[in-house]
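Worksheet for the structure shown next.
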Amino acid sequence: MNSRRGRRNSDCSAGSRPAVRASHRPRPAEGAEGADRAFVIGVLTSAADFARARAWGITDAPDFERYLAGTAELLADALERFETVRARMFHPQDFEEFCLLNALDPAEPTARDRYLVNPSLHTQLLAYQGEELAGDFVPRLVRARENGLTLCHVDLLLDGGLYGGAGEPDEEHARWVRAAYQRGAEVFRRMLVGAGAGVYELRLRVDAPGGKLAAAARVLQWEDGVVRINDEDLELLCAVLCAGLALELPGVAVLHGSQGSAASCGEYLTASWAWSTGGQDWAPADRPVRLDGVAAQPGYSLGTVC
């Protein structure tokens, strides 16, 4: 399968940096190499979060709609001035807890800057490439936060094997994690190859210490095997598969959607397949499965897919 990762055509995008006043000019993020290389912004993603954050003087906008409009202008300006523009969801509760843990005043801009560039939250960042803010990008920011929390959980389970969060690197441990990650990516590839062209959603759940690891992603696959999937969703799927295989955790996956393409005269079939694992290998589920409300029949053997 020729796999090409790419973002879906989106109406909006988001990322994070402590929310910045919409009237402010873009500033490089702390630690940027050079004044005009990187810009990071935190985006409030709901009217409720906007109302809660106003007490900290984060924005001068009178309402959430005008806040989004001003933030969109800020991002457009940043794209012209900086080599890299990234965003993450500005989550008020996360910010309050961060300030409490670090004895910071949430009304101080420096507190928001430190929250924005907190290394432990880097998995929540998304690259901004000019998408409309108030469309698909804001929901993607919300998902990126949720995905980031799951990625941190995975990294903790793997003793820092994904992002090096466990201190001194151990090359043998890193090789073990890389091998499991590659096995997980191969499982996902075989699921897609067996499905063929179509529009699908993959839902994945792995039972892990500390709580279930869950991931979901929409996937578009063309007749030639080219795949379109948001990068952050692909990263999460592979990380959860990696953790399950590395730690031999039980799990279940459902791939469902419309099978077919315009090249086949527009003939589409509803499809839904399920696989499960006891921890070592993924195989067709031994009975019908319902995951997150989606019903699926046992899938095809991944071992027969090249």
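Last residue of the sequence shown? That's 293 in my numbering, and every number before it is there in order.
Idealized CB from N, CA, C, for every residue including glycine.
With respect to the 8 Å criterion, SER248 and ALA182 are not classified as neighbours on the basis of their beta carbons. With respect to the 8 Å criterion, THR291 and LEU223 are not classified as neighbours on the basis of their beta carbons. About 5 Å separates the CB atoms of ARG205 and GLU188; that is less than 8 Å, so the two are in contact. If you check the CB distance, ARG75 and LEU128 come in under 8 Å.
Counting only the Cα atoms, GLN208 lies some 28 Å from VAL72.
By the beta-carbon neighbour count (other beta carbons within 10 angstroms, threshold 16), GLU118 is buried.
Taking the Cβ atoms as the reference, ASP279 lies roughly 30 Å from ARG165, outside the contact range of under 8 Å.
Annotated three-state conformation of GLU119 is coil, per DSSP. According to the DSSP assignment, TYR54 belongs to the alpha helix (DSSP H) that extends over 51 to 68.
In the displayed model, TYR168 falls within a helix according to three-state DSSP. Collapsing the DSSP output to three states places LEU242 in a strand. Within the DSSP bridge table, the entry for VAL214 names GLN208 as partners. Residue pairing by DSSP places ILE28 opposite ALA74 in a beta bridge.
Considering only ASN217, GLY122, GLY135, ASP47, the residue with the shortest C-alpha distance to ASN105 is GLY135.
Taking a C-beta distance under 8 Å as the contact criterion, LEU289 and VAL174 qualify as a contact pair. Under the three-state reduction of DSSP, SER107 is assigned to helix. Looking at the DSSP output, GLN284 bridges to TRP260.
Beta-bridge analysis with DSSP links VAL193 to LEU200, GLY238.
Between the alpha carbons of ALA270 and TYR287 lies a distance of about 8 Å. Counting the other Cβ atoms within 10 Å of the Cβ of ASN217 gives 16 or more, which makes it buried.
In the three-state DSSP reduction, VAL174 falls in the helix class (H, G or I).
In the three-state reduction of the DSSP assignment, GLU133 falls in the helix class.
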